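In the working numbering, the protein residues as written are 155 to 377.
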């Protein structure tokens, strides 16, 4: 694929199974539900060629079709709790071989069309110089420890005035952009040298549990 030609397709993965929250991908949100909300956000971004929803659920397929998204049937082997994510990524990349995929789950609903558009334009500017992909992230300016003690600071009294916090980043599963052909090669939806697109705090909520869901709704209502 010619790296200078940028055709972007959005991919929303939405399997029905979830171990923690039943029907997580279609929880009520805003004036609709999480899946419809994400599709409608992406439709406001004129840089995206098509929006695809990969799902095994007939209910999710109906929502996607109603909102003019294209359905990719998700086989059972990629829909259960023991699914190997790497194999699923390679499966998806086969459907969109000549494009750059904007991979975005419904569980980061506070990421809106502004972030989608800015992330795409940033990706176009940095791709290949030297970045091979783009991800959303949060710069962590905190004192971090593991079970063995400090990771990014010193507690020695002789070093107390020399402590500097290096840049650490938290990955936010909101927007991942990379060429489909590269995703197939990596078996992953971002690469070895990703550009870190930093999100403001009120855009970073990733719904993994009920507390995250309530927090996302709070931020949305207060936006």
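From the three backbone atoms N, C-alpha and C, an ideal C-beta is built for every residue, glycine too. Everything numeric in this text was worked out from a predicted model, so none of it was measured.
Quiz prompt | Neighbourhood of residue 373 by C-beta, 7 Å cutoff - its chain only, sequence neighbours within 5 removed | solution = Numbered from its first residue, the chain shown carries residue 373 at position 219. These residues qualify, in order along the chain: 264, 356 and 359.
Quiz prompt | Helix, strand or coil at residue 181 according to DSSP, with G and I counted as helix | solution = Here residue 181 refers to the residue found at position 27 of the chain shown. Reduced to three states, the DSSP call for residue 181 is coil.
Quiz prompt | Rounded separation between residue 198 and residue 267 - CA only | solution = By one-based count along the chain shown, residue 198 stands at place 44. By one-based count along the chain shown, residue 267 stands at place 113. About 6 Å.
Practice problem: Check each candidate in 342, 176 and 223 and name the one with the smallest Cα separation from residue 332. | Solution: The sequence position of residue 332 within the chain shown is 178, counting from 1. Comparing Cα-Cα distances from residue 332 to each of 342, 176 and 223, the minimum goes to 342.
Self-check item: Best match in 243, 248 and 251 for proximity to residue 257 [C-alpha to C-alpha]
Solution: Here residue 257 refers to the residue found at position 103 of the chain shown. With distances taken between Cα atoms, residue 257 lies closest to 243.
Self-check item: Those residues which DSSP pairs with residue 332 across a bridge
Solution: As a working note, residue 332 is residue 178 in the chain shown. In DSSP, residue 332 forms a bridge with 255.
Quiz item: Are residue 190 and residue 217 closer than 7 Å when you measure CB to CB?
Solution: Counting from 1 along the chain shown, the entry for residue 190 is found at position 36. Counting from 1 along the chain shown, the entry for residue 217 is found at position 63. Yes, they are a contact pair.
Quiz item: What three-state label does DSSP hand residue 212 in the structure shown?
Solution: Working through the chain shown from its first residue, we reach residue 212 at position 58. Here DSSP, grouped into helix, strand and coil, assigns residue 212 to helix.
Quiz item: DSSP three-state call for residue 156: helix, strand or coil?
Solution: Locating residue 156 in the chain shown gives position 2, where the first residue counts as 1. Residue placement at residue 156 is flagged as unreliable, the pLDDT there being 47, under the threshold of 50; the coordinate-derived value follows with that caveat. Look at residue 156 here: in three-state DSSP terms it is coil, with no helix or strand label.
Quiz item: Straight-line CA distance for residue 301 to residue 307?
Solution: As a position in the chain shown, residue 301 is number 147, starting the count at 1. As a position in the chain shown, residue 307 is number 153, starting the count at 1. Those two C-alpha atoms are separated by around 14 Å.
Quiz item: What residues in its chain sit with their C-beta under 7 Å from that of residue 167, if we drop five residues either side in the sequence?
Solution: By 1-based counting over the chain shown, the position of residue 167 is 13. For residue 167, same chain residues with a beta-carbon under 7 Å away, outside a window of 5 residues either side, are 208 and 259 in chain order.
Practice problem: Within the same chain, show all residues whose beta-carbon is closer than 8 Å to that of residue 353, passing over the 5 residues directly before and after it, in chain order. | Solution: Taking the first residue of the chain shown as position 1, residue 353 is located at position 199. 265, 269, 290, 291, 292, 326 and 328.
Quiz prompt | Nonlocal neighbours in the same chain, by C-beta distance under 6 Å from residue 297, ignoring five residues either side | solution = Translated into the one-based positions of the chain shown, residue 297 becomes position 143. So the qualifying residues of the chain are 307.
Quiz item: Just the Cα atoms here: how many angstroms apart are residue 364 and residue 286?
Solution: Residue numbering aside, residue 364 sits at position 210 when the chain shown is read from its first letter. Residue numbering aside, residue 286 sits at position 132 when the chain shown is read from its first letter. The alpha-carbon atoms of residue 364 and residue 286 are separated by roughly 34 Å.
Quiz prompt | Cross-strand partners of residue 303 (DSSP beta bridge) | solution = In the chain shown, the residue the question calls residue 303 occupies position 149. The bridge partners DSSP lists for residue 303 are 300.
Exercise. Within 10 angstroms of the Cβ of residue 346, are there 16 or more other Cβ atoms? Answer buried if so, exposed if not.
Key: Numbered from 1 along the chain shown, position 192 holds the residue referred to as residue 346. Flag for residue 346 reads exposed.
Exercise. Step through the CB atoms of chain B and report whether any lies within less than 7 Å of the CB of residue 371.
Key: The structure shown has no chain B; it contains just one protein chain.
Exercise. Assign residue 254 to one of two classes, buried (16 or more other C-beta atoms within 10 Å of its C-beta) or exposed (fewer than that).
Key: In the chain shown, the residue the question calls residue 254 occupies position 100. Counting Cβ neighbours within 10 Å, residue 254 comes out buried, since at least 16 surround it.
Quiz item: What are the partner residues of residue 162, as DSSP defines its beta bridges?
Solution: The residue labelled residue 162 in the question sits at position 8 within the chain shown. Residue pairing by DSSP places residue 162 opposite 202 and 254 in a beta bridge.
Quiz item: When DSSP labels each residue in this structure, what does residue 189 get in the three-state scheme?
Solution: Position 35 of the chain shown, counting from 1, holds the residue named residue 189. In the structure shown, residue 189 sits in a helix (DSSP, three-state: H, G or I).
Practice problem: Return yes when the Cβ of residue 233 is within less than 7 Å of the Cβ of residue 210, no when it is not. | Solution: Counted from its first residue, the chain shown places residue 210 at position 56. Counted from its first residue, the chain shown places residue 233 at position 79. Yes, the Cβ-Cβ distance between residue 210 and residue 233 is below 7 Å.
Quiz item: Measuring CB to CB, does residue 160 end up less than 7 Å from residue 202?
Solution: Your numbering for residue 160 matches position 6 in the chain shown. Your numbering for residue 202 matches position 48 in the chain shown. With a cutoff of 7 Å on beta-carbon distance, residue 160 and residue 202 are scored as not near each other.
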